[in-house]
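For reference, the structure discussed in these notes is given below.
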Amino acid sequence: MCGDLQVASAQTLDFLDIGQKSSSPMDTRYAVVLTPIFDPGKTGRPMRVAAFMSGSGTNIRRLLEYEKRLHEKEGSSPYHVVFVFSDRSDGSGAGEKIAREHALPYVSYDIRAYYSSRGGRRTVRTPEGLALRQAYDQVARRLVAAFEIDLIALGGYMSFITLKGCVNVHPADLSILDGEGRRKYVGDDAVRDAILGGETHLRASTLWTDQGVDSGPLLMVSDPLPVELPAPMEVLEKDPALLGRVAKAHQERLKEIGDWRIFPRTIDLIARGRFSFDHTGGVYLDGMPMPAGFRE
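Counting in full-length UniProt numbering, the sequence shown runs from 1 upward without gaps.
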């Protein structure tokens, strides 16, 4: 059930810490208990996915197309998108169209109208704002329970979500850290910040969400997209409008080689039982640690 990790048949693996020296080999061994995010062997069925989106839904489209290709290629898919949910009801999003094209149930619950009707600010940085968001999420929570969802796929879902069990895609390489060991490019302006930070290539990342901003366990990192600037950096720094256009163009290009590839692939690997966590939240693929994310 979405909301907690699937406590599947945990594997106990012994790893040799070659960085330590000891007179006894057994002194350098320790047990790591891994818990798959989803265990198909235990459930005996495909992983049930809820697709959450806000706008054009291109990531959700790719997820559905990937599922269809798996059926055509392998005769089945390890995951099944069960319904589509959108936080927009003003006609600006493509959720209903995508759901109709794939014969899926569709639910929209407009978050702007929700906050407007309650006279609240759309923020989770205050206790009142967080309480409002938790109340808003009760609708999605009930849907997740009713449809027996195993995982929520956040494909361009632009609202903070208090539900657990979600995979998100982010337009930056979350393995890059700042001088204090924190993720350097997080938040809505990650592409712009990476360009201003002098990065020569951009990458997308998938992550298992927590209650922070792009701070959950890192799952996959995409191939690189070269940064191509139309003007020197000092010009961009003085022209916010031009910088914004450059960042937007790069983010759109990054979707093609980044988001649209690693988002469905991450869901696929989770559904096959290949991604696991240890007790600290460390990520493993096929029993091997992936501290900087899996890269194909």
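Note that CB positions come from ideal geometry on N, CA and C, so glycine has one too. All figures in this text were calculated on a predicted structure; none of them were measured in a lab.
*Any idea which residues DSSP pairs alanine 51 with across the strands?*
One-based indexing of the sequence shown puts residue 51 at position 51. The partner list for alanine 51 (beta bridge, DSSP) reads Val84 and Ala153.
*Pull up the CB-CB distance for valine 84 and leucine 104, whole angstroms please, since I reckon it's below 8 Å.*
The sequence position of residue 84 within the sequence shown is 84, counting from 1. The sequence position of residue 104 within the sequence shown is 104, counting from 1. At roughly 6 Å, the Cβ-Cβ gap stays under 8 Å, so valine 84 and leucine 104 are in contact.
*If you pair each beta-carbon of the region 73-84 with each one of the region 274-288, do three or more pairs fall below 8 Å?*
Short answer: they don't touch.
*Ordered along the chain, which non-local residues of its own chain (more than five positions away) have a Cβ less than 7 Å from that of glycine 216?*
Within the sequence shown, numbered from 1, the residue matching residue 216 stands at position 216. Leu207, Trp208, Thr209 and Asp210.
_CB-CB length for serine 89 against serine 108, believed under 8 Å_ = Numbered from its first residue, the sequence shown carries residue 89 at position 89. Numbered from its first residue, the sequence shown carries residue 108 at position 108. Correct: roughly 4 Å between the Cβ atoms.
*Using DSSP with H/G/I as helix, E/B as strand and the rest coil, what is valine 7?*
The residue you call residue 7 lines up with position 7 of the sequence shown. At valine 7 the pLDDT is 37, less than 50, meaning the model places this residue with poor confidence and gives no usable figure here.
_Mapping the DSSP letters down to three states, classify aspartate 27 as helix, strand or coil._
The residue you call residue 27 lines up with position 27 of the sequence shown. Per-residue confidence for aspartate 27 stands at a pLDDT of 44, beneath the threshold of 50, marking its modelled position as unreliable; the derived number appears in the next sentence. DSSP places aspartate 27 in the helix class (H, G or I) of the three-state scheme.
*Could you check the C-alpha separation between serine 205 and leucine 236 for me, to the nearest Å?*
Locating residue 205 in the sequence shown gives position 205, counting from the first residue. Locating residue 236 in the sequence shown gives position 236, counting from the first residue. Serine 205 and leucine 236: Cα-Cα distance of roughly 25 Å.
*Inside the region 134-193 only - beta strand (DSSP E) runs reaching at least 3 residues*: The qualifying runs are 151-154 and 166-170.
*In this structure, does DSSP put leucine 236 in helix, strand or coil?*
Numbered from its first residue, the sequence shown carries residue 236 at position 236. Looking at leucine 236 - three-state DSSP - the assignment turns out to be helix.
*Between the C-alpha atoms of threonine 12 and glycine 287, what's the straight-line distance to the nearest angstrom?*
On the sequence shown, residue 12 is found 12 positions in, with the first residue counted as 1. On the sequence shown, residue 287 is found 287 positions in, with the first residue counted as 1. Caution applies to threonine 12, whose pLDDT of 41 falls short of 50 and renders its modelled position unreliable; the model cannot decide the point.
*Is the beta carbon of histidine 201 sitting closer than 8 Å to the one on valine 221?*
Here residue 201 corresponds to residue number 201 of the sequence shown, with the count starting at 1. Here residue 221 corresponds to residue number 221 of the sequence shown, with the count starting at 1. Cβ atoms of histidine 201 and valine 221: not closer than 8 Å.
*According to DSSP, what are the bridge partners of threonine 280?*
On the sequence shown, position 280 is the one that residue 280 refers to. Note: threonine 280 sits in no beta bridge, so no partner.
_Which residue marks the beginning of the beta strand (DSSP E) containing serine 205, and which one marks its end?_
Within the sequence shown, numbered from 1, the residue matching residue 205 stands at position 205. DSSP places serine 205 in the uninterrupted beta strand (DSSP E) bounded by 205-208.
*Excluding the five sequence neighbours on either side, which residues of its own chain have a C-beta within less than 8 Å of the C-beta of leucine 225, listed in chain order?*
Position 225 of the sequence shown holds residue 225. Here leucine 225 has His201, Leu202, Arg203, His250, Arg253, Leu254, Ile257 and Gly258 as same chain residues with Cβ atoms under 8 Å from its own Cβ, once five neighbours each way along the sequence are excluded.
*Whole angstroms is fine: what's the gap from threonine 35's alpha carbon to lysine 164's?*
Working through the sequence shown from its first residue, we reach residue 35 at position 35. Working through the sequence shown from its first residue, we reach residue 164 at position 164. Distance between the alpha carbons of threonine 35 and lysine 164: 16 Å.
*asked:* Going by C-alpha to C-alpha distance, which of Thr123, Asp87, Ala194 and Arg125 sits closest to tyrosine 157?
replied: Counted from its first residue, the sequence shown places residue 157 at position 157. In terms of Cα proximity to tyrosine 157, the closest of Thr123, Asp87, Ala194 and Arg125 is Asp87.
*For the region 97-125, list the beta strand (DSSP E) runs that are entirely contained and at least 3 residues long, ordered along the chain.*
Secondary structure remark: continuous beta strand (DSSP E) runs of at least 3 residues inside the region 97-125, in chain order: 106-108.
*Are phenylalanine 38 and aspartate 150 close, meaning C-beta to C-beta below 8 Å?*
Numbered from its first residue, the sequence shown carries residue 38 at position 38. Numbered from its first residue, the sequence shown carries residue 150 at position 150. Yes, they are a contact pair.
_Please state the DSSP three-state secondary structure of phenylalanine 275._
Residue mapping note: residue 275 aligns to position 275 of the sequence shown, counting from 1. Of the three classes helix, strand and coil, the one that applies to phenylalanine 275 here is strand, per DSSP.
*Which residue from Arg192, Gly44, Arg61 and Gly282 puts its Cα closest to that of glycine 155?*
If you number the sequence shown from 1, residue 155 lands on position 155. Here the closest residue by C-alpha is Arg61.
*Between the beta-carbon of lysine 80 and the beta-carbon of glutamate 67, is there less than 8 Å?*
To locate residue 80, count along the sequence shown from 1; it is residue 80. To locate residue 67, count along the sequence shown from 1; it is residue 67. At residue 80 the sequence reads histidine, which differs from the lysine that was named. Going by C-beta atoms, histidine 80 is nearer than 8 Å to glutamate 67.
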